[in-house]
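**Q** These protein sequence lines map, in sequence, to chains G and E.
In short: position in the first sequence from 1, add 2, done, that's my numbering.
In short: position in the second sequence from 1, add 2, done, that's my numbering.
By construction, the Cβ of each residue, glycine as well, lies at the ideal position given by its N, Cα and C atoms.
Please read all numbers here as calculations on a predicted model, not as lab measurements.
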Amino acid sequence: DSGVTQTPKHLITATGQRVTLRCSPRSGDLSVYWYQQSLDQGLQFLIQYYNGEERAKGNILERFSAQQFPDLHSELNLSSLELGDSALYFCASSLGGAGGYTFGSGTRLTVV
Amino acid sequence: KNEVEQSPQNLTAQEGEFITINCSYSVGISALHWLQQHPGGGIVSLFMLSSGKKKHGRLIATINIQEKHSSLHITASHPRDSAVYICASLSVNYGGSQGNLIFGKGTKLSVKP
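#1: Rounded to the nearest angstrom, what separates residue 106 of chain E and residue 47 of chain G at their Cα positions?
#2: Please decide whether residue 1 of chain E counts as near chain G, where near means a Cβ-Cβ distance under 8 Å.
#3: To be precise: take each residue of the segment 34-49 of chain E, compare its Cβ to all Cβ atoms of chain G, and keep it if any distance is under 9 Å. Which residues remain?
#4: Name the chain G residues that come within less than 8 Å of residue 107 of chain E, Cβ to Cβ?
#5: Any beta carbon of chain E sitting closer than 8 Å to that of residue 68 of chain G?
#6: Given that residue 40 of chain G touches chain A, what residues does it touch there, using C-beta distances under 9 Å?
#7: So residue 46 of chain E packs on residue 37 of chain E, CB below 8 Å; how close in whole Å?
#8: Given a cut-off of 8 Å, decide if residue 13 of chain G and residue 21 of chain G are closer than it, judged by their beta-carbon atoms.
#9: Please list the terminal residues of the continuous beta strand (DSSP E) segment that includes residue 22 of chain G.
#10: Give every residue of the same chain whose Cβ lies closer than 7 Å to the Cβ of residue 87 of chain G, excluding the five residues on either side of it in the sequence, and list them in chain order.
#11: Report all residues from its chain with a CB closer than 6 Å to the CB of residue 86 of chain E; omit the five preceding and five following residues, and keep chain order.
#12: Helix, strand or coil for residue 44 of chain G per DSSP?
#13: Enumerate in chain order the residues of its own chain whose CB-to-CB distance from residue 82 of chain E is below 6 Å, with the five nearest sequence positions on each side excluded.
#14: Look at the Cβ atom of residue 103 of chain G, then the Cβ atom of residue 58 of chain E, and state whether they are nearer than 8 Å.
#15: For residue 86 of chain G, name the three-state secondary structure that DSSP assigns.
#16: Can you tell me the Cα-Cα spacing of residue 29 of chain G and residue 91 of chain G, whole angstroms?
#17: With residue 31 of chain E and residue 113 of chain E assumed to form a contact (beta carbons below 8 Å), what rounded beta-carbon distance in angstroms separates them?
#18: Quick one: grab the DSSP three-state call for residue 60 of chain E.
#19: Quick check: what's the CA-CA separation for residue 4 of chain G versus residue 106 of chain G?
#20: Looking at residue 63 of chain E and residue 74 of chain E, is the spacing between their C-beta atoms short of 8 Å?
#21: How do the segment 62-78 of chain G and the segment 37-51 of chain G stand: do at least 3 beta-carbon pairs fall below 8 Å, yes or no?
#22: Residue 54 of chain G and residue 43 of chain E - do their beta-carbons sit closer together than 8 Å?
#23: With 16 as the cutoff for other CB atoms within 10 Å, does residue 27 of chain G come out buried or exposed?
#24: Would you tell me roughly how many angstroms separate the C-alpha atoms of residue 27 of chain E and residue 45 of chain G, rounded to the nearest one?
Structure, rendered in C-alpha cells:
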C-alpha cells in the first residue's frame, strides 16, 4: 500500500455518462496530482491541487474538472464521456520541497 | 516546453546482464524521477535525483545536469525486473509545492531466464 488510495479500481460506463474518481493522498501530503495514461498518449499531466487550491493545469479537457476538499482528498469528474477517454487515471501526492512523489494504484476507466 | 526522451523503447536482456536505460530532457528541471510500472499497471517511484548518483540494491541512477541527461542501470538483471521503466522530469518548484511530472514514453524491459 503506497498510502495513496484511489477508488474505484475499475469503472465501465457508457458514452455520454459522467463519472467521479476519488483520491485520498498519503497522510501529510498537501499536493494532489491527476495523470492520465492512454495507449496512444502515454502518461500526461491533467491537474494539480495544493492545500485546496488549483496550482497547475496540464492537458485537461473542458469536460473534465477536479477539486480538492478541506480534508485534502480530491475528486476528478469526467463528463460527456467518449470512447477516447478510456484510460488509466492515476492520482499522486507529494508533501513538497524535496519530498518524494507517491502514486496511487490507478482507476481503469473503460467507456463503451 | 520540456520534452523528455527515453531510449531504447524496448529492451530484451538475458538474466544476469547489465542494463542501461537513457533519458534526456530539454529544459532546466528541479529533479528527475525514475519510475517502474509493472503489467498490473501500478507505478512505483524508484529514484528522485537532482544531482549525482543514487543506488538502491541492484539499481543505480545517475544524472548530469549540465548535459540534461540521466541513466538508469540495473546490475545482474533478473526476470522480476521485467517492467516498463519511465523517466519523468519534475518541473521547477513554486509556492512551496512540487511541480508536475513530464514523462518519457517508457522503456519496456524484458529479462529472459
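**A** The relevant details are as follows:
#1: Looking up residue 106 of chain E in the second sequence gives position 104. Looking up residue 47 of chain G in the first sequence gives position 45. Across the structure, residue 106 of chain E and residue 47 of chain G are spaced so that their CA atoms are roughly 12 Å apart.
#2: The shown model of chain E, from 3 to 115, leaves out residue 1 of chain E, and the question about it has no answer.
#3: 35, 37, 39, 42, 43, 44, 45, 46, 47: these are the residues of the segment 34-49 of chain E whose beta carbon lies less than 9 Å from some beta carbon of chain G, given in chain order.
#4: Here residue 107 of chain E corresponds to residue number 105 of the second sequence, with the count starting at 1. Going along chain G in sequence order, the residues near residue 107 of chain E (Cβ under 8 Å) are 44.
#5: By one-based count along the first sequence, residue 68 of chain G stands at place 66. Taking Cβ atoms only, chain E never reaches closer than 8 Å to residue 68 of chain G, which makes this a no.
#6: Absent from the structure is chain A; the protein chains it does hold are G and E.
#7: Stepping through the second sequence from its first residue, residue 46 of chain E is reached at position 44. Stepping through the second sequence from its first residue, residue 37 of chain E is reached at position 35. Contact annotation, residue 46 of chain E with residue 37 of chain E: C-beta distance approximately 7 Å; criterion of less than 8 Å satisfied.
#8: One-based indexing of the first sequence puts residue 21 of chain G at position 19. One-based indexing of the first sequence puts residue 13 of chain G at position 11. Closer than 8 Å, so yes.
#9: Residue mapping note: residue 22 of chain G aligns to position 20 of the first sequence, counting from 1. Following the DSSP letters along the chain, one finds residue 22 of chain G inside the beta strand (DSSP E) bounded by residues 21-26.
#10: Counting from 1 along the first sequence, the entry for residue 87 of chain G is found at position 85. Excluding sequence neighbours, residue 87 of chain G sits near 80, 111, 113.
#11: For this step, residue 86 of chain E is matched to residue 84 along the second sequence. Excluding sequence neighbours, residue 86 of chain E sits near 39, 108, 110.
#12: Working through the first sequence from its first residue, we reach residue 44 of chain G at position 42. In the structure shown, residue 44 of chain G sits in a strand (DSSP, three-state: E or B).
#13: Position 80 of the second sequence, counting from 1, holds the residue named residue 82 of chain E. Shown here for residue 82 of chain E: not one same chain residue has a beta carbon closer than 6 Å to its own, the five before and five after excluded.
#14: Mapped onto the first sequence, residue 103 of chain G falls at position 101. Mapped onto the second sequence, residue 58 of chain E falls at position 56. The answer is no: Cβ separation not under 8 Å.
#15: As a working mapping, residue 86 of chain G is identified with position 84 in the first sequence. Looking at residue 86 of chain G - three-state DSSP - the assignment turns out to be helix.
#16: Looking up residue 29 of chain G in the first sequence gives position 27. Looking up residue 91 of chain G in the first sequence gives position 89. Whole-angstrom Cα-Cα distance: 20 Å.
#17: As a position in the second sequence, residue 31 of chain E is number 29, starting the count at 1. As a position in the second sequence, residue 113 of chain E is number 111, starting the count at 1. 29 Å between Cβ atoms; not a contact.
#18: Position 58 of the second sequence, counted from the start, is the residue given in the question as residue 60 of chain E. Residue 60 of chain E: coil per DSSP, three-state reduction.
#19: Start at 1 with the first residue of the first sequence, and residue 4 of chain G comes out as number 2. Start at 1 with the first residue of the first sequence, and residue 106 of chain G comes out as number 104. When rounded, the separation of the alpha-carbon atoms in residue 4 of chain G and residue 106 of chain G is 7 Å.
#20: Your numbering for residue 74 of chain E matches position 72 in the second sequence. Your numbering for residue 63 of chain E matches position 61 in the second sequence. Yes. Within cutoff.
#21: Three or more beta-carbon pairs separated by less than 8 Å link the segment 62-78 of chain G to the segment 37-51 of chain G, which places the two stretches in contact.
#22: For the purposes of this step, residue 43 of chain E is taken as residue 41 along the second sequence, with counting starting at 1. For the purposes of this step, residue 54 of chain G is taken as residue 52 along the first sequence, with counting starting at 1. No.
#23: Residue mapping note: residue 27 of chain G aligns to position 25 of the first sequence, counting from 1. Residue 27 of chain G comes out buried.
#24: Residue 27 of chain E sits at position 25 when you count from the first residue of the second sequence. Residue 45 of chain G sits at position 43 when you count from the first residue of the first sequence. Cα to Cα, the separation comes out at about 16 Å.
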